[in-house]
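Visitor:
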Amino acid sequence: MKLDMEPLIHAYMDGTISHDEMARLNALLLENAEARREFAELLNMDSALAALAAGWEEEALEQAQTGRSTAPSAHRAPWLMATVCVVILMVAAGWWWQVAHRPFATVESVAGAAAFQPGASLHGELHELHAGTLSLITRRGAHVVIEAPASFRFESAQRLRISRGRLAADVPPSAKGFTVVTPSGDAIDLGTRFGVDVPAQGAAEIHVFQGEVIAKATGARQQQSLRGGDAVTMDQGSSTTRELRNAAFIQPDEVSSLKAGLAAGQRTRAEAALQQLREDPALIALMDFEAEAMPGEGVYRMVQGRWPGSRAPEFVQVGDHLKLDVGGDRSWPQLTLAAWVRIDRLGEPYQSLLHTDGWSKNNPGQVHWMITQEAVMRLALIGNTLAPGADERQGYPDSRTPVLPEQGRWMHVAVVYDSAKKSVRFYLNGRLDKETRQEIAHPARLGPAQIGNWNQRDRKLSGRVDELLILGRAMTDDEVHTLHTAGNPYR
Amino acid sequence: MSPSENERHHRFLRAFTAQEPVIRAYVRRLLPTRADADDVMQEVSVVLWDKFDSFQADGDFRSWAFGVARYEVLAWLRDKGRDKLVLDETVVTKLADESAEREPHLERQREALEACMQKVPADQRILLMQAYQPQARMQEVAEASGRTSAGFYQWLHRMRRMLMDCIRRALAQEVSS
Chain A
1 MKLDMEPLIH AYMDGTISHD EMARLNALLL ENAEARREFA ELLNMDSALA
51 ALAAGWEEEA LEQAQTGRST APSAHRAPWL MATVCVVILM VAAGWWWQVA
101 HRPFATVESV AGAAAFQPGA SLHGELHELH AGTLSLITRR GAHVVIEAPA
151 SFRFESAQRL RISRGRLAAD VPPSAKGFTV VTPSGDAIDL GTRFGVDVPA
201 QGAAEIHVFQ GEVIAKATGA RQQQSLRGGD AVTMDQGSST TRELRNAAFI
251 QPDEVSSLKA GLAAGQRTRA EAALQQLRED PALIALMDFE AEAMPGEGVY
301 RMVQGRWPGS RAPEFVQVGD HLKLDVGGDR SWPQLTLAAW VRIDRLGEPY
351 QSLLHTDGWS KNNPGQVHWM ITQEAVMRLA LIGNTLAPGA DERQGYPDSR
401 TPVLPEQGRW MHVAVVYDSA KKSVRFYLNG RLDKETRQEI AHPARLGPAQ
451 IGNWNQRDRK LSGRVDELLI LGRAMTDDEV HTLHTAGNPY R
Chain B
1 MSPSENERHH RFLRAFTAQE PVIRAYVRRL LPTRADADDV MQEVSVVLWD
51 KFDSFQADGD FRSWAFGVAR YEVLAWLRDK GRDKLVLDET VVTKLADESA
101 EREPHLERQR EALEACMQKV PADQRILLMQ AYQPQARMQE VAEASGRTSA
151 GFYQWLHRMR RMLMDCIRRA LAQEVSS
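Shown next as structure tokens:
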């Protein structure tokens, strides 16, 4: 039957069909549902081809008319204006096609992605970004930062397909309609700043920082309008609202300081400093997450750390955590805790850095290290009390300066505890922030603990942790300063 | 435009922009040529805008637009059907209903076309895009490609068949993977 019918359909589409053939086609379609399906599919493809060709022509025209003014007349009837706008938007949201050799995007800046050169042109080819971060500018002026590991391809200057990776887009009015296509759905921009995260496993997320984006899960009939502050997970044909992680995305200005850090040899310096720490006799644990084996049991994503291609656990969902069990064999009169962290969002009630499981009144000295709702660092040892005159209200030593300005950047947090001196010293990015005195100061106790959570619910960390240090002695101010300077990915 | 008018316009554009390719494909499936579909589509977009007030904000824009488009297609067929060879109204009605129902599948087919196009050698792809230009004259495209008109149509049919097979294969793989 198909063999009989196909020439009829082609002739019908080409406008060369005769009266007799048309009658046969009508008869076939009337009585045969299978024939109607075949017919609809061919015409459907014809429509898709025309859509591709329309975008193709538009680009050719655009090329020819660059610089030419097309100011619209002010005296048009409203419906005509609407139609004009509709046509403009149809083109913007439609499919585009590569024409000639004009690139869809150009590489602006590169941090640790050896395969890409600044100024390089991106056409429709597939790109694999194994390590580092890339800042691009599309032909229409949209800025896009893509973080490894990523796999992506521009289908046009207005359409970026990404099957894995994380990107932040800043889309000016000239690139309105810029669309990011993921395996689980699309993000269509309406003039805005937004981020898309496509993890190696799991569903894609859209996060809108500012403006408006249309989210359309693959296969869904309805699209969803997202405004600044909104975020969704797109999974199996539907989008689910989730917490915004606006700081999980690298922005263009961060790419340049990461690049400068690499150029200044920071990575080598950091590795040397790590090596030195590994030889410290008081070392309890140093987790850099670089080993292929998972550092511990838990639920988390492994993503890029501070360095191109390095690894760091990322905690995203409520309940994400990483278990470790170190230093439980004895008590520690002195303790230094330090980590590089990247906080995605601040939230209640606490963001756990390290919470021991054994926190109970019968177990004095158990350690809880976190960032509070007020965005300051806290070191709580159960059974300890504040010295008279301490300004903390909640009974635990807290740092002074909120980490707020550091949100969305890698920052170094450290705390040095000395039970003999009864002191807790907090450091932010290598600088002493505050010292708090204790009245009762038990030696610190460790043992089974979680990073990124406690009780698997209420102390969720949202973000990444890189290079967590647990040291059984008190570091000096200079040592903490050096630790930050050596490990700092920025310049 | 007043602020409320502006807001209305914005709401319309948001809904229409997202659904325009779907509505266009729906219209295309019911009409003989792409040029016919363009004519009707223009009318459809104007009617949708005019009647946008009667559309419920929480309603299904696509279903509503399909209803409007179907009405416009049938009106066009009654008007133009005397001079042109068109499908019977009964066939169009059946096609309209069935293809609206199968739209999710048809949409995936349209999406799959892009990947299939990548498999077409560049020179043939350009020729295909030329043939599918709005207002393209087949005779001229055929001549420019150095083919006879008949030879060009045969080539075009072969390309369509090849792309259709590729699309079906791609979707079958999607289902089985």
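As given, the protein sequences belong to chains A and B, one line each in that order.
Going by the UniProt record's numbering, the residue at position 188 of the first sequence is 188; the numbering climbs one at a time, nothing skipped.
Going by the UniProt record's numbering, the residue at position 137 of the second sequence is 137; the numbering climbs one at a time, nothing skipped.
In this text, a Cβ means the ideal position worked out from N, Cα and C, and glycines have one as well.
Check whether the Cβ atoms of residue 525/A and Pro308/A sit closer than 8 Å, and answer yes or no.
Guide: As shown, chain A starts at 1 and ends at 491. That puts residue 525/A outside it, with no answer to give.
Visitor: If you count every other CB in all the chains shown that lies within 10 Å of the CB of Arg82/B, and 16 or more means buried, which is it?
Guide: Along the second sequence, read from residue 1 onward, the residue named residue 82/B stands at position 82. Classification of Arg82/B: exposed, given that the 10 Å Cβ count is below 16.
Visitor: Give the straight-line distance between the Cα atoms of Ala69/B and Arg29/B, rounded to the nearest whole angstrom.
Guide: Translated into the one-based positions of the second sequence, residue 69/B becomes position 69. Translated into the one-based positions of the second sequence, residue 29/B becomes position 29. Taking the straight line joining both Cα atoms gives about 11 Å.
Visitor: In its own chain, which residues sit with a C-beta less than 7 Å from the C-beta of Met162/B, not counting the 5 before and 5 after it?
Guide: Numbered from its first residue, the second sequence carries residue 162/B at position 162. If we look at Met162/B and ignore the five residues flanking it on each side, it has no Cβ neighbours.
Visitor: Tell me the DSSP secondary structure of Ile23/B in three-state form.
Guide: The count along the second sequence starts at 1 and reaches residue 23/B at position 23. In the structure shown, Ile23/B sits in a helix (DSSP, three-state: H, G or I).
Visitor: If you compare alpha carbons, which of Gly447/A, Gln236/A, Thr192/A is closest to Ala203/A?
Guide: Start at 1 with the first residue of the first sequence, and residue 203/A comes out as number 203. When each option's Cα is compared against that of Ala203/A, the closest is Gln236/A.
Visitor: Near Val416/A, which residues of its chain fall below 6 Å by C-beta distance, leaving aside the five closest residues on each side in sequence?
Guide: For the purposes of this step, residue 416/A is taken as the residue at position 416 of the first sequence. When the five nearest sequence neighbours on each side are left out, the beta carbons in the same chain lying within less than 6 Å of the beta carbon of Val416/A are those of Thr336, Arg425, Ala474, Met475, in order along the chain.
Visitor: Taking a contact to mean a Cβ-Cβ separation below 8 Å, would you say Phe152/A touches Phe104/A in this structure?
Guide: As a position in the first sequence, residue 152/A is number 152, starting the count at 1. As a position in the first sequence, residue 104/A is number 104, starting the count at 1. By the CB criterion at 8 Å, Phe152/A and Phe104/A fall outside the cutoff.
Visitor: So the alpha helix (DSSP H) Thr482/A belongs to, where does it begin and stop?
Guide: Sequence index remark: in the first sequence, residue 482/A carries index 482 (1-based). Counting along the chain, the alpha helix (DSSP H) containing Thr482/A begins and ends at 477-487.
Visitor: From the DSSP output, read off the bridge partner residues of Lys460/A.
Guide: Here residue 460/A refers to the residue found at position 460 when the first sequence is read from its first residue. Note: Lys460/A sits in no beta bridge, so no partner.
Visitor: Is there contact here, the segment 313-331 of chain A with the segment 424-438 of chain A, by at least three beta-carbon pairs under 8 Å?
Guide: no
Visitor: For Arg110/B and Leu42/A, what's the separation of their Cα atoms in angstroms?
Guide: Within the second sequence, the letter at position 110 stands for residue 110/B. Within the first sequence, the letter at position 42 stands for residue 42/A. Rounded to the nearest angstrom, the two C-alpha atoms are 10 Å apart.
Visitor: With a Cβ-Cβ cutoff of 8 Å, do Ala187/A and Ala142/A count as a contact?
Guide: Numbered from 1 along the first sequence, position 187 holds the residue referred to as residue 187/A. Numbered from 1 along the first sequence, position 142 holds the residue referred to as residue 142/A. Going by C-beta atoms, Ala187/A is not nearer than 8 Å to Ala142/A.
Visitor: Who are the neighbours of residue 182/B on chain A, taking C-beta pairs under 7 Å?
Guide: Residue coverage of chain B in this structure runs from 1 to 177, which leaves residue 182/B outside it and unanswerable.
Visitor: Of the choices Leu167/A, His442/A, Arg221/A, Ser256/A, whose alpha-carbon is the least far from that of Arg102/B?
Guide: Locating residue 102/B in the second sequence gives position 102, where the first residue counts as 1. The option with the nearest alpha carbon to Arg102/B is Arg221/A.
Visitor: Leaving out five residues before and five after Arg342/A in sequence, what residues of the same chain have Cβ atoms less than 6 Å from its Cβ?
Guide: The sequence position of residue 342/A within the first sequence is 342, counting from 1. Cβ within range, chain order: Trp410, Gly463, Arg464.
Visitor: Residue range of the beta strand (DSSP E) that Asp170/A falls in?
Guide: Taking the first residue of the first sequence as position 1, residue 170/A is located at position 170. Its beta strand (DSSP E) spans residues 159-170.
Visitor: Between the segment 20-53 of chain A and chain B, which residues of the former have a C-beta closer than 8 Å to a C-beta of the latter?
Guide: Within the segment 20-53 of chain A, the residues whose Cβ lies closer than 8 Å to any Cβ of chain B are, in chain order, Met22, Leu25, Asn26, Leu29, Leu30, Ala33, Arg36, Arg37, Phe39, Ala40, Glu41, Leu42, Leu43, Asn44, Met45, Asp46, Ser47, Ala48, Leu49, Ala50, Ala51, Leu52, Ala53.
Visitor: With a CB to CB cut of under 8 Å and the five nearest residues on each side skipped, what residues in its chain are close to Leu190/A?
Guide: Along the first sequence, one-based indexing puts residue 190/A at 190. Cβ neighbours of Leu190/A beyond the five flanking positions: Lys176, Gly177, Gly211, Glu212, Val213, Ile214.
Visitor: With distances taken Cα to Cα, identify the nearest neighbour of His412/A among Thr218/A, Gly430/A, Arg400/A.
Guide: On the first sequence, residue 412/A is found 412 positions in, with the first residue counted as 1. Measuring from the Cα of His412/A, the nearest candidate turns out to be Gly430/A.
Visitor: Write down every uninterrupted run of the beta strand (DSSP E) in the segment 244-316 of chain A whose length is 3 residues or greater and which is fully enclosed by it, in chain order.
Guide: 283-287, 301-304, 311-315
Visitor: Buried or exposed: where does Arg137/B fall if 16 or more other Cβ atoms within 10 Å of its Cβ makes it buried?
Guide: Your numbering for residue 137/B matches position 137 in the second sequence. When all chains shown are included, Arg137/B counts as exposed.
Visitor: What would DSSP say about Asp223/A, mapped onto helix, strand or coil?
Guide: As a first step, residue 223/A is located in the first sequence; it is residue number 223 there, counting from the start. The sequence shown places Gln at residue 223/A, not Asp. It is coil, neither helix nor strand.
Visitor: Step through the CB atoms of chain A and report whether any lies within less than 8 Å of the CB of Pro121/B.
Guide: On the second sequence, position 121 is the one that residue 121/B refers to. Pro121/B does not count as touching chain A.
Visitor: Where do the N-terminal and C-terminal ends of the alpha helix (DSSP H) with Gly38/B fall, by residue?
Guide: Residue 38/B sits at position 38 when you count from the first residue of the second sequence. With the sequence shown as reference, residue 38/B is identified as Asp, and Gly is not the correct amino acid for it. 34-50 is the span of the alpha helix (DSSP H), which, as asked, contains Asp38/B.
Visitor: Counting only C-beta atoms, is His10/A closer than 8 Å to chain B at any point?
Guide: Here residue 10/A corresponds to residue number 10 of the first sequence, with the count starting at 1. Chain B, which has a Cβ nearer than 8 Å to the Cβ of His10/A, makes this yes.
Visitor: My output table needs one value for Ile167/B: the three-state DSSP class, helix, strand or coil.
Guide: The residue labelled residue 167/B in the question sits at position 167 within the second sequence. Three-state DSSP puts Ile167/B in a helix.
Visitor: To the nearest angstrom, report how far apart Ala420/A and Leu262/A are at their CA atoms.
Guide: Counted from its first residue, the first sequence places residue 420/A at position 420. Counted from its first residue, the first sequence places residue 262/A at position 262. Between Ala420/A and Leu262/A, the C-alpha separation is close to 40 Å.
Visitor: Let me know if Glu59/A comes out buried or exposed under the rule of 16 or more other beta-carbons within 10 Å of its beta-carbon.
Guide: By one-based count along the first sequence, residue 59/A stands at place 59. Per-residue confidence for Glu59/A stands at a pLDDT of 46, beneath the threshold of 50, marking its modelled position as unreliable; the derived number appears in the next sentence. Classification of Glu59/A: buried, given that the 10 Å Cβ count is 16 or more.
Visitor: Which residues in the same chain have their Cβ closer than 8 Å to the Cβ of Ser163/A, if we skip the five residues on either side of it in sequence?
Guide: Position 163 of the first sequence, counting from 1, holds the residue named residue 163/A. Answer for Ser163/A: Ser151, Phe152, Thr182, Pro183, Val198, listed in chain order.
Visitor: Report all residues from its chain with a CB closer than 8 Å to the CB of Val44/B; omit the five preceding and five following residues, and keep chain order.
Guide: Numbered from its first residue, the second sequence carries residue 44/B at position 44. Ile23, Val27, Ala65, Val68, Ala69, Glu72, listed in sequence order.
Visitor: Strictly under 8 Å for the Cβ-Cβ distance: is Met117/B near chain A by that measure?
Guide: Translated into positions along the second sequence, residue 117/B becomes position 117. With 8 Å as the cut-off, Met117/B counts as an interface residue toward chain A.
Visitor: Can you give me the Cβ contacts of Gln334/A inside the same chain, cut-off strictly under 6 Å, excluding the 5 residues immediately before and after it?
Guide: Sequence index remark: in the first sequence, residue 334/A carries index 334 (1-based). For Gln334/A, where only same-chain residues beyond five positions count, the Cβ hits under 6 Å are Asp418, Arg473, Ala474.
Visitor: Does chain A have any CB closer than 8 Å to the CB of Met162/B?
Guide: The residue labelled residue 162/B in the question sits at position 162 within the second sequence. No, because no Cβ of chain A sits closer than 8 Å to the Cβ of Met162/B.
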